[in-house]
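Inspection log for the structure reproduced underneath, given as C-alpha cells.
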Amino acid sequence: MRILVAAKLSLDAGQLKFDSSGHPLIDACPRRMGDADKCAVEEAVRAKEKLGAETVVVTIGGSAEHARIIRDAYAMGIDKGYIVRINEPETLSLPTVARIIAEIYRRTGPYDLVFLGVGSNDTHSSMLAPMLSSMLDIPLLPSIDKLDVKNDGVEGIATMEDGSYTFRARFPAVISITSEANEPRIPTLRAILKSKRIPIQEVSPEDLGVNVERIRLENVERFILPRRRILMEAGDQSQIEEAVGKLLEALRSEGVI
Amino acid sequence: MDFQFSEDEIRFRDSVREFAERYIAPRWVEIDEKGKIPLDLIKRMGDQGLFAIPIPEEYGGMGGTMLMAAIAVEEIAYHDPAVATAVYVLLNNGWPFALYLHGSEDAKNEVLPKVASGDAFFGIASTEPQGGSDVAGIRTVARKKGDKWLISGEKSFISGVRELMELPVGGGFFLVAKTEKAEWGHRNITDFVVLPKWNGKLKEGFNPTIYDEIGRHGISTGGFTLEEFEVDDKFRIGEENKGFYYVLEGFNIARTLVAAATIGSARWALDKAVEWLRERRLFQGRPLASFQGISFKFAELYAELEAAKYFVYKAAWMIDKVYIEKDPTYKPKDLNVPVSLAKLKGPETATRIYEEVLKWHGALGYTKECNLYRGWLGTFSYTIGAEGAQNIMRYIIARDVIGSEYVRG
Chain A
2 MRILVAAKLS LDAGQLKFDS SGHPLIDACP RRMGDADKCA VEEAVRAKEK
52 LGAETVVVTI GGSAEHARII RDAYAMGIDK GYIVRINEPE TLSLPTVARI
102 IAEIYRRTGP YDLVFLGVGS NDTHSSMLAP MLSSMLDIPL LPSIDKLDVK
152 NDGVEGIATM EDGSYTFRAR FPAVISITSE ANEPRIPTLR AILKSKRIPI
202 QEVSPEDLGV NVERIRLENV ERFILPRRRI LMEAGDQSQI EEAVGKLLEA
252 LRSEGVI
Chain B
-13 MDFQFSEDEI RFRDSVREFA ERYIAPRWVE IDEKGKIPLD LIKRMGDQGL
37 FAIPIPEEYG GMGGTMLMAA IAVEEIAYHD PAVATAVYVL LNNGWPFALY
87 LHGSEDAKNE VLPKVASGDA FFGIASTEPQ GGSDVAGIRT VARKKGDKWL
137 ISGEKSFISG VRELMELPVG GGFFLVAKTE KAEWGHRNIT DFVVLPKWNG
187 KLKEGFNPTI YDEIGRHGIS TGGFTLEEFE VDDKFRIGEE NKGFYYVLEG
237 FNIARTLVAA ATIGSARWAL DKAVEWLRER RLFQGRPLAS FQGISFKFAE
287 LYAELEAAKY FVYKAAWMID KVYIEKDPTY KPKDLNVPVS LAKLKGPETA
337 TRIYEEVLKW HGALGYTKEC NLYRGWLGTF SYTIGAEGAQ NIMRYIIARD
387 VIGSEYVRG
C-alpha cells in the first residue's frame, strides 16, 4: 500500500495577534502544520502501522519552515517527502494547488490513498480534497472523523449537522480528515533527530508541468460577530413557553431565523 | 556568538511543550494537591523520551544534549509550576548522566535503559542528617568484603524515595559514602549505585521514611537508613576514593537543571502577571499596568528572569562542550562559575517574581484559589538547598573569581 499526505504550512491561529485597529499581524504570527493536516499525517502513519505501507508527504513552498513540515511528518513516521519549491505559496490559486498535488500523485504514484486535512488553520476552504478527487477522478471521503483502512478499501464516518454519514470506497480514494479524527502523536527526541537524516526530494511546478496561477489577497480584516445579550425571564414552568415565544420573535426580528 | 536555539532544539522544545500542554498542565494542581505524580504520567514521560535525554542511545538514552534536557525541564516546569514533575524529570536526566560519565559498563547497561524508559528512578543520595552541603563531612561508610561492599549509614532529604518503591522496576541512587572510616575529608569518598528496589524486588537493609514538606508536594522527599546494605563492586562508580570529584561533577549538572526548573516556573508566573496587569482595572478603569510602581517592577523582574535564563542556557551549553562534544578547550572545573551563577540566580529570581506577582493579585493572591502560592513554595525550596545551598554557590563564585587563597583566608 502507498499513501500520499498533503500538508500545509499555515498560521498558528491561536497565536494570531491584532493591532489596535483590528488588523491581524500576520507576519508576526508563528506558522506550523495545520491541526487537521497533522491528523491526516497521523492517520497515514496508523494505516502504515496496521497494514504496512509506504507513506509520502508533500508540501508546497520554498522556506525553511516548509522543509520543517516535511521533517515534522518524518518525525511522526512518514517515510518520504516532496517539497514543491515555489515562492509565496499563499498566493497560489486553489486549482493550482490541486493540480500540483495531482501531478505529484501521478508522477510519484501509484497511490492507494491520498490524505488531506479537511481545511487549513488559516484559509480553511475545505475545497482542496473535492477538487483533487475530481481532477484524479477517484472517490472522495469528505470530513472524516473516524477512519478504518482495510486491505481492500476504506470506510470513514463523517459527522454532519444532520447526522453521521458512513462512506465506503475501494482504492484509490481521496480522504479529508478532521482535527477530531485522532490525537496526533508527539514526536520523540530520537524521532526528531532521526528525521534530519532522511532526505527531502525537491521539485518545482515546472518539473511537474503545472501552469501557476496566483490570486491577489486584497485585504484581511478581523471579523467580529456582534453580540447582543437578550434576557428572557421564566420564573416558573408556566412562563417557559411564553419566554421561548419571545426569544423566537427576537431572533426573527434580528434576521437570525 | 548565536543566541538562537538550533532547529533540533526548537523542534524538541515544541514537542515537549505540546506534551506538557496535553498531559501535564491539566493535572499539575491535582499533582500538588494529592502529593503524587501519577505512575501513568511517569510512564508516558518515559515513552516520550523525557528521561536520559543527554545519554547515548546505546545505553537506552535519547542521544540528545544537556541543553536539550534543560529546555525540557524548563518547559515542564512552565506547565507544572509547583515544579514537582520538572524535578522528577531533572533528577532522571542529571544523575543518570553522572552515572554514564563514571559508572562501569555493567552498571550503565543495567540501570540506564530502565531509567530512560520510565520504569525506574535514579536520583542522588548525598545529604545526611548532619548536613548536605558539607559533602566531606558525610558519615555513611562502605566497607569492602570480597567483591562486595557493605554500606551502613543514614541519608536524609532525598528526592524520590517513595517513587522508587512504587515504580514497577524500582530504582535507586548515586550514593556517596566514606570508604572504611568516617573521618572528615574528601579523599576517602567513594560513590556507588545503590538500588534498594530493583526488578520489582525490595532488598534487605533499606529502611525508608517520607517527610511532610510545605510545597512541591508531587515528588517525595524522604530519608533512609542502610544497614550493611550489600552492593556489588560493579556498582562502584569510578575509582575508589575519588567519589568526591565525581559527585561534584554530578552537582554541576543537576544544579543547572534545578535552575532550569525554577526559570520555567517563573516564566509561567510572569505570563500570568502580564495577563493580570492588562486585565485588572481600577481607579476609573485604568489597567494595573498603567501604574509605574508595578510596571517598572515588572520590567526589573523580566530583566532578572532573562538574565537567569541565559545563565542556565550557558551552563548547559558548557556542560555539552565538556562532556558531549568533548571540546578540549573546556574542562569540568570551568563549569563551576557558570553553573553556580545559574543556580544562584534561578531559584532566587523565581521566588522574587512569585512574591511580587502574588502581591499584584492582592488578597486573591493569598488564597488557595489562586495557584501562585504553589509555584512560590515549589521554587522557594531551591533557595534553601538541593544540590548545594545558595551560599555554596556564592562561595564557589567568590573562590574561583577572587582566588581560593584569598577567600579561604
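Protein sequences, first through last, are from chains A and B.
For the first sequence, position 27 (counting from the first letter as 1) is numbered 28 according to the working numbering, and the numbering increases by one without interruption.
For the second sequence, position 388 (counting from the first letter as 1) is numbered 374 according to the working numbering, and the numbering increases by one without interruption.
The beta carbon of each residue, even a glycine, is placed where N, CA and C say it ideally should be.
Original post:
Looking at the C-beta of A/GLU184, does it have a partner C-beta in chain B at a distance below 9 angstroms?
Top reply: In the first sequence, residue 184 of chain A corresponds to position 183, counting from 1. By this cut-off, A/GLU184 is an interface position.
Subject >> Nearest-angstrom Cβ-Cβ length linking B/LEU263 and B/PRO273, presumed shorter than 8 angstroms >> reply: Stepping through the second sequence from its first residue, residue 263 of chain B is reached at position 277. Stepping through the second sequence from its first residue, residue 273 of chain B is reached at position 287. Correct: roughly 7 angstroms between the Cβ atoms.
Subject >> Neighbouring residues, chain A, relative to B/PHE5 (Cβ below 7 angstroms) >> reply: Numbered from 1 along the second sequence, position 19 holds the residue referred to as residue 5 of chain B. The contacting residues are ILE187.
**OP:** Take B/GLU342 and list the residues in its own chain whose beta-carbon comes closer than 7 angstroms to its own, dropping the five residues that flank it on each side.
**Re:** As a position in the second sequence, residue 342 of chain B is number 356, starting the count at 1. Result list for B/GLU342: LYS283, LEU287, in chain order.
Original post:
Under a three-way DSSP split, which group does A/MET34 fall into?
Top reply: Position 33 of the first sequence, counting from 1, holds the residue named residue 34 of chain A. DSSP places A/MET34 in strand when its eight states are reduced to three.
Subject >> Listed by chain order, chain B residues near A/ARG191 by CB distance under 8 angstroms >> reply: For the purposes of this step, residue 191 of chain A is taken as residue 190 along the first sequence, with counting starting at 1. Residues of chain B passing the Cβ test: GLY35, GLU43, MET48, GLY49.
Subject >> Where the beta strand (DSSP E) containing B/GLU216 begins and where it ends >> reply: In the second sequence, the residue the question calls residue 216 of chain B occupies position 230. It spans 207 to 218 - the beta strand (DSSP E) in which B/GLU216 sits, taken as one unbroken run.
Subject >> Distance, B/ILE239 Cα to B/TRP254 Cα >> reply: Looking up residue 254 of chain B in the second sequence gives position 268. Looking up residue 239 of chain B in the second sequence gives position 253. Each residue's alpha carbon lies about 24 angstroms from the other.
**OP:** For chain B, find out if any of its Cβ atoms is closer than 9 angstroms to the Cβ of A/ASP20; answer yes or no.
**Re:** In the first sequence, residue 20 of chain A corresponds to position 19, counting from 1. Chain B, which has no Cβ nearer than 9 angstroms to the Cβ of A/ASP20, makes this no.
Original post:
Does the beta carbon of B/MET54 come closer than 9 angstroms to any beta carbon on chain A?
Top reply: As a position in the second sequence, residue 54 of chain B is number 68, starting the count at 1. At least one chain A Cβ lies under 9 angstroms of B/MET54.
Subject >> CA nearest to the CA of B/LYS331, picked from B/THR176, B/ARG(-1), B/GLY146, B/ALA375 >> reply: In the second sequence, counting from the first residue as 1, residue 331 of chain B sits at position 345. The shortest C-alpha separation from B/LYS331 is found at B/ALA375.
Original post:
Does DSSP put A/SER134 in a helix, a strand or coil?
Top reply: In the first sequence, counting from the first residue as 1, residue 134 of chain A sits at position 133. A/SER134: helix per DSSP, three-state reduction.
**OP:** Could you pull the start and end residues of the alpha helix (DSSP H) that A/PHE168 belongs to?
**Re:** For the purposes of this step, residue 168 of chain A is identified with residue 167 of the first sequence, where counting begins at 1. Element bounds for A/PHE168: not the alpha helix (DSSP H) but the beta strand (DSSP E), 164 to 171.
Subject >> Whole-number beta carbon distance between A/PRO206 and A/ARG79, since they are thought to touch under 8 angstroms >> reply: By 1-based counting over the first sequence, the position of residue 79 of chain A is 78. By 1-based counting over the first sequence, the position of residue 206 of chain A is 205. For the record, residue 79 of chain A in the displayed sequence is Ile; it is not Arg. Contact doesn't hold; Cβ gap of about 22 angstroms is too wide.
Subject >> Continuous alpha helix (DSSP H) assignments of at least 4 residues falling wholly in the segment 350 to 391 of chain B >> reply: 358 to 370, 376 to 388
**OP:** Would you grab the beta carbon distance between A/VAL42 and A/TYR83 for me? Rounded to a whole angstrom, and I think it's under 8 angstroms.
**Re:** Position 41 of the first sequence, counted from the first residue, corresponds to residue 42 of chain A. Position 82 of the first sequence, counted from the first residue, corresponds to residue 83 of chain A. At roughly 14 angstroms, the Cβ-Cβ gap does not stay under 8 angstroms, so A/VAL42 and A/TYR83 are not in contact.
Original post:
So, using beta-carbon positions, are B/ILE249 and B/ALA63 closer together than 9 angstroms?
Top reply: Position 263 of the second sequence holds residue 249 of chain B. Position 77 of the second sequence holds residue 63 of chain B. Yes, these two residues count as a Cβ contact at 9 angstroms.
Subject >> Residue span of the beta strand (DSSP E) that contains A/TYR83, given as start and end >> reply: Position 82 of the first sequence holds residue 83 of chain A. First-last of the beta strand (DSSP E) with A/TYR83: 81 to 85.
**OP:** Check whether the Cβ atoms of B/THR176 and B/LYS187 lie closer than 9 angstroms to each other.
**Re:** By 1-based counting over the second sequence, the position of residue 176 of chain B is 190. By 1-based counting over the second sequence, the position of residue 187 of chain B is 201. It is not a contact, given that the beta carbons lie outside the stated cut-off.
Subject >> Helix, strand or coil at A/LEU93 [DSSP, three-state] >> reply: Walking along the first sequence from the start, residue 93 of chain A turns up at place 92. In the structure shown, A/LEU93 sits in a strand (DSSP, three-state: E or B).
**OP:** To the nearest angstrom, report how far apart A/SER254 and A/GLU222 are at their CA atoms.
**Re:** Within the first sequence, residue 254 of chain A is the residue found at index 253, counting from 1. Within the first sequence, residue 222 of chain A is the residue found at index 221, counting from 1. The alpha-carbon atoms of A/SER254 and A/GLU222 are separated by roughly 28 angstroms.
Original post:
When the Cα atoms are used, what is the spatial distance from B/VAL75 to B/GLU216?
Top reply: As a working mapping, residue 75 of chain B is identified with position 89 in the second sequence. As a working mapping, residue 216 of chain B is identified with position 230 in the second sequence. Each residue's Cα considered, the two are about 28 angstroms apart.
Original post:
With C-beta atoms as the reference, is A/SER134 less than 9 angstroms away from A/VAL175?
Top reply: Residue numbering aside, residue 134 of chain A sits at position 133 when the first sequence is read from its first letter. Residue numbering aside, residue 175 of chain A sits at position 174 when the first sequence is read from its first letter. It is a contact, given that the beta carbons lie within the stated cut-off.
Subject >> Beta-carbon spacing of A/GLY157, A/ASP38 below 9 angstroms >> reply: Here residue 157 of chain A refers to the residue found at position 156 when the first sequence is read from its first residue. Here residue 38 of chain A refers to the residue found at position 37 when the first sequence is read from its first residue. No, the Cβ-Cβ distance between A/GLY157 and A/ASP38 is not below 9 angstroms.
Original post:
Can you tell which of B/PRO318, B/SER367, B/PRO324 has its C-alpha closest to the C-alpha of B/ARG338?
Top reply: Taking the second sequence and counting its residues from 1, one reaches residue 338 of chain B at position 352. Checked all of B/PRO318, B/SER367, B/PRO324; the closest Cα to B/ARG338 is B/SER367.
Original post:
Within the present structure, is the beta-carbon of B/TRP135 separated from the nearest heavy atom of the ligand MN by less than 8 angstroms?
Top reply: This structure lacks the ligand MN; in fact it carries no ligand of any kind.
Original post:
Does the segment 305 to 320 of chain B come close enough to the segment 39 to 55 of chain B to have 3 or more Cβ pairs within less than 8 angstroms?
Top reply: yes
Original post:
Got a sec: is the Cβ-Cβ distance from A/ARG169 to anything in chain B below 9 angstroms?
Top reply: The count along the first sequence starts at 1 and reaches residue 169 of chain A at position 168. False, the Cβ-Cβ gap to chain B never drops below 9 angstroms.
Subject >> 8 angstroms Cβ cut-off: residues of chain A touching B/PHE(-2) >> reply: Mapped onto the second sequence, residue -2 of chain B falls at position 12. Neighbours of B/PHE(-2) on chain A, chain order: LEU190, ILE193.
**OP:** Decide if B/TRP346 is buried, meaning its Cβ has at least 16 other Cβ atoms within 10 Å, or exposed.
**Re:** Position 360 of the second sequence, counted from the first residue, corresponds to residue 346 of chain B. Its Cβ being crowded by 16 or more others within 10 Å, B/TRP346 is buried.
Original post:
The beta strand (DSSP E) with B/ASN193 in it runs from where to where?
Top reply: Within the second sequence, numbered from 1, the residue matching residue 193 of chain B stands at position 207. Here the beta strand (DSSP E) through B/ASN193 covers 192 to 196.
Subject >> Supposed close pair B/GLY157, B/PHE108 - CB separation, criterion 8 angstroms >> reply: For the purposes of this step, residue 157 of chain B is taken as residue 171 along the second sequence, with counting starting at 1. For the purposes of this step, residue 108 of chain B is taken as residue 122 along the second sequence, with counting starting at 1. Contact flag correct, Cβ pair sits at about 6 angstroms.
**OP:** With a floor of 4 residues, list each alpha helix (DSSP H) that falls wholly inside the segment 22 to 60 of chain B, ordered by position along the chain.
**Re:** 25 to 34
**OP:** Pick out the complete beta strand (DSSP E) segments inside the segment 286 to 361 of chain B, 3 residues or longer, and give them in chain order.
**Re:** none
**OP:** Using the Cα positions of B/ASP(-6) and B/ASP219, report the straight-line distance between them to the nearest angstrom.
**Re:** In the second sequence, residue -6 of chain B corresponds to position 8, counting from 1. In the second sequence, residue 219 of chain B corresponds to position 233, counting from 1. The straight-line gap from Cα to Cα measures roughly 39 angstroms.
**OP:** Could you work out which residue in A/LYS81, A/SER144, A/LEU194, A/GLU66 is closest to A/PRO90 when comparing CA atoms only?
**Re:** One-based indexing of the first sequence puts residue 90 of chain A at position 89. If we check each option's Cα against that of A/PRO90, A/GLU66 comes out closest.
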